[in-house]
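Undergrad:
Protein chains: 2
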Amino acid sequence: MSTVTKAVDLLNFFSAERAEIRLADFQRLTGRDKTTTYRHLSALESTGLLEQDATTRAYRIGPAVLRFSHIREVTVPRRAGVRMVLPGLAEVTGETAHASILQGNTLVTLADHASARHSARVVLDNAVLPFHATASGMAVLAFADDKLKQHAFEQAEAFTDQTVVDPTQLEALLHRVRTTGFSEVESSFEKGVLGIAVPLFDSSLKVAGSVAVASVASRVDDALVKLIKRELVTAARSISTSWGGTIPTQLESVWSSHSF
Amino acid sequence: MSTVTKAVDLLNFFSAERAEIRLADFQRLTGRDKTTTYRHLSALESTGLLEQDATTRAYRIGPAVLRFSHIREVTVPRRAGVRMVLPGLAEVTGETAHASILQGNTLVTLADHASARHSARVVLDNAVLPFHATASGMAVLAFADDKLKQHAFEQAEAFTDQTVVDPTQLEALLHRVRTTGFSEVESSFEKGVLGIAVPLFDSSLKVAGSVAVASVASRVDDALVKLIKRELVTAARSISTSWGGTIPTQLESVWSSHSF
DNA sequence: TTTTGTGTTTCATATAATGAAACATGATTG
DNA sequence: CAATCATGTTTCATTATATGAAACACAAAA
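If you read the sequences in order, they're chains A and B. Following the working numbering, the numbering of the first sequence begins with 93 at its first residue and continues without gaps. Following the working numbering, the numbering of the second sequence begins with 93 at its first residue and continues without gaps.
#1: Please check if any C-beta of chain B sits within less than 8 angstroms of the C-beta of L121(A).
#2: What's the gap between the Cα of K98(B) and the Cα of F106(A)?
#3: Between the Cα of T188(A) and those of A111(A), L194(A), V177(A), spot the shortest distance and give me the residue it belongs to.
#4: Among L233(B), P259(B), S228(B), A264(B), whose alpha-carbon lies nearest the alpha-carbon of L286(B)?
#5: Taking T326(A) as the reference, which of G173(A), D117(A), G284(A) has the closest Cα?
#6: Between which two residues does the alpha helix (DSSP H) carrying T147(B) extend?
#7: Pull up the distance between the alpha-carbon of A250(B) and that of H243(B), whole angstroms please.
#8: List the residues of chain A that A108(B) touches, going by C-beta distances under 9 angstroms, in chain order.
#9: Okay, do the stretch 215-231 of chain A and the stretch 299-308 of chain A touch, 3+ Cβ pairs below 8 angstroms being the bar?
#10: Across the stretch 272-291 of chain B and the stretch 319-334 of chain B, are there enough close Cβ pairs to call them in contact, namely three or more that are closer than 8 angstroms?
#11: Express the C-alpha separation of P340(A) and S192(B) in angstroms, rounding to a whole number.
#12: Looking at chain B, is there any beta carbon in it that lies within less than 8 angstroms of the beta carbon of I339(A)?
#13: Could you check what DSSP says for P340(A) in three-state terms: helix, strand or coil?
#14: Round the Cβ separation of P222(B) and F281(B) to the nearest angstrom and send it over; I've been treating them as touching at under 8 angstroms.
#15: Name the residue from A236(A), D314(A), S310(A) whose alpha carbon lies nearest to the alpha carbon of R270(A).
#16: Applying the 10 Å Cβ sphere with the 16-neighbour rule, what's the burial state of T127(A)?
#17: Along the chain, where does the beta strand (DSSP E) containing P259(B) start, and where does it finish?
#18: With A156(A) and Q195(B) assumed to form a contact (beta carbons below 8 angstroms), what rounded beta-carbon distance in angstroms separates them?
#19: For the beta strand (DSSP E) containing P291(A), list its first residue and its last residue.
#20: When every heavy atom of the ligand ATP is checked, does at least one fall within less than 7 angstroms of the C-beta of R171(A)?
#21: Just tell me which of G336(B), R170(B), D101(B), A328(B) has its CA closest to the CA of L297(B).
#22: The beta strand (DSSP E) that contains T255(A), what's its start and end?
#23: With DSSP run on the structure shown, which of helix, strand or coil describes H224(A)?
#24: Who are the Cβ neighbours of V184(B) in its own chain at under 8 angstroms, not counting the five residues just before and after it?
#25: By Cβ distance, which residues of its chain are closer than 7 angstroms to R268(B), with the 5 residues on each side in sequence left out?
#26: Return the bridge partner residues of Q247(B) from the DSSP annotation.
#27: In terms of alpha-carbon separation, which member of D117(B), R171(B), D125(B), I163(B) lies closest to T148(B)?
#28: Going by the CB atoms, is the gap between R171(B) and E165(B) shorter than 8 angstroms?
#29: Roughly how many angstroms separate the alpha carbons of S134(A) and G123(A), rounded to a whole number?
#30: DSSP on S211(B), reduced to helix/strand/coil?
#31: Alpha carbon to alpha carbon, how far is A212(A) from V200(A)?
#32: Helix, strand or coil for D313(B), going by three-state DSSP, please let me know.
#33: Listed from N- to C-terminal order along the chain, which residues in the stretch 210-240 of chain B have their beta-carbon within a distance smaller than 8 angstroms of any beta-carbon of chain A?
#34: In the structure shown, what three-state DSSP assignment does H162(B) receive?
What follows is the structure, encoded as structure tokens:
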């Protein structure tokens, strides 16, 4: 572990609940030597990454991060965070990975990637995704506000004979998504396709999109479902982080309580 | 200079116009050894402060800064106050509104907003603002302590043939800012751009930044200048209040004595 | 006053950072 | 198509710098 890493890692002890930390606290938190920690903190302060209260001597996150986050916000598109994980998600599962972003009242495709492992693969060619009939849509809806849910229920139309359009039934499905942590939809938009999706979050701390794996239902077994879910969780964390968000603690705990 | 400082300082080469930098670029920019820089970058990447494009190998500001800036906003809300007024300021005036924050010895961009009214508009893409050549910088300098003023004068370089760099002349301009209550700078940093700025204050009761309107000089008339000044005063009061500060009474009285 | 908990400085030592060189890998070019 | 160039990465000896024990300074409790 390099000196740089050790120093910068000190920043990770800050949180919204713990915005100020003193040297003695850091010493206890890290278990590292007092002098060493002191100098790490001093170095970080000189860069503006940390700021020290002149009277209490307590440290807090410095103003430099504002500048950097401004740069990232205006220059790094949402797609960049998705592109870093989507190919991997597709290749590891051998299926088609897909990411979508919530734009106003519609859920639109941001990027997708199909694995070349099988000759039969799911080809997604819909720019706009119907909420009620897709795994991605339901993943978003399960964590969206009532207004969007209302809007989606009103728009609900049947695409196959298995599409659920009844609000009461949809509500029950959404509840299932929240309790299991995953949105699973089969043959509801397109016959023979099983979609599994999880929601994505951005810096507004609200749901901002979803990442999904669409697979050919006939070849899916329990082991593959478990693999997909594991990979989706990792992908969701990574993309959300890239977007400046975090997975809500409640959802995280749901995921960790279900072994998969 | 510690290893930590050297590494973190690499982040300062990023800006809105230069969002991606490669190892070879850093090598040229810093003049430091290639291997050393490589490891600094690797260390920063492992902390999330940087992110590397998998294909181009170029580095960009990483997602960790988003998390930290969110934490900072919770403790020291600076952007929130600015975002409340900046869009309005831009739309009412039809020009580009800009807010900056004083960070140690440098004045950095906090946020900006360009009105869509005219096709020709001022695009601000400088993260760090030179004090002597910008309206924002002079607004801050007029109310800053001598140490900062000294530092700014020493750094003064000419950007256009209209840039003032002579300390005596700059001092006279600062005096003008204090007596009129506004910092007006034309074509000093960029040709054809007229900037009007006022200082911002925080809970330390010292100058903490500035808010400005940058306009295309050719279309500015007296009525627009008056409108911009009126709006700037309102914006400065609002932002300063949200930062826990107030406009010094002397400046307030200067503003009220000039009809605009 | 003494004690306890802070943050800061000093100094010898050990460790980790450094840079030249070599290597690997694509791009460009002749 | 080979040769050259530009780039990123690894190796290894050397040197610089990070480290931690101790001592110091200072404030707030006891």
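Every residue gets a Cβ at the ideal spot worked out from N, C-alpha and C, and that includes glycine. Just so we're clear, the structure is a prediction, and the values are computed from it rather than from any experiment.
TA: Based on what the coordinates show:
#1: no
#2: C-alpha separation (whole angstroms): 23 angstroms.
#3: V177(A)
#4: Comparing Cα positions, the closest option is S228(B).
#5: G173(A)
#6: According to the DSSP assignment, T147(B) belongs to no alpha helix (DSSP H), since it is labelled neither H nor E.
#7: 16 angstroms
#8: Chain-order list of chain A residues neighbouring A108(B): H162, I163, V166, T167, by C-beta distance under 9 angstroms.
#9: yes
#10: yes
#11: Straight-line measurement puts the Cα of P340(A) at about 32 angstroms from the Cα of S192(B).
#12: no
#13: coil
#14: 7 angstroms
#15: A236(A)
#16: Counting Cβ neighbours within 10 Å, T127(A) comes out exposed, since fewer than 16 surround it.
#17: Unbroken run through P259(B) is the alpha helix (DSSP H), 259-272; no beta strand (DSSP E).
#18: About 7 angstroms separates the beta carbon of A156(A) from that of Q195(B), a gap short enough to meet the 8 angstroms contact definition.
#19: 285-293
#20: This structure does not include the ligand ATP; it has no bound ligands of any sort.
#21: Measuring from the Cα of L297(B), the nearest candidate turns out to be G336(B).
#22: Neither: T255(A) is in no beta strand (DSSP E) and is coded neither H nor E.
#23: coil
#24: Leaving aside the five residues that flank V184(B) on each side, the residues in its chain whose CB is nearer than 8 angstroms to its CB run, in chain order, L319, E323.
#25: none
#26: Paired residue(s): none; Q247(B) is not in a bridge.
#27: Ranking D117(B), R171(B), D125(B), I163(B) by Cα distance to T148(B) puts D117(B) first.
#28: In terms of Cβ geometry, E165(B) and R171(B) form a close pair [threshold 8 angstroms].
#29: 18 angstroms
#30: It is coil, neither helix nor strand.
#31: 24 angstroms
#32: coil
#33: A219
#34: Helix at H162(B).
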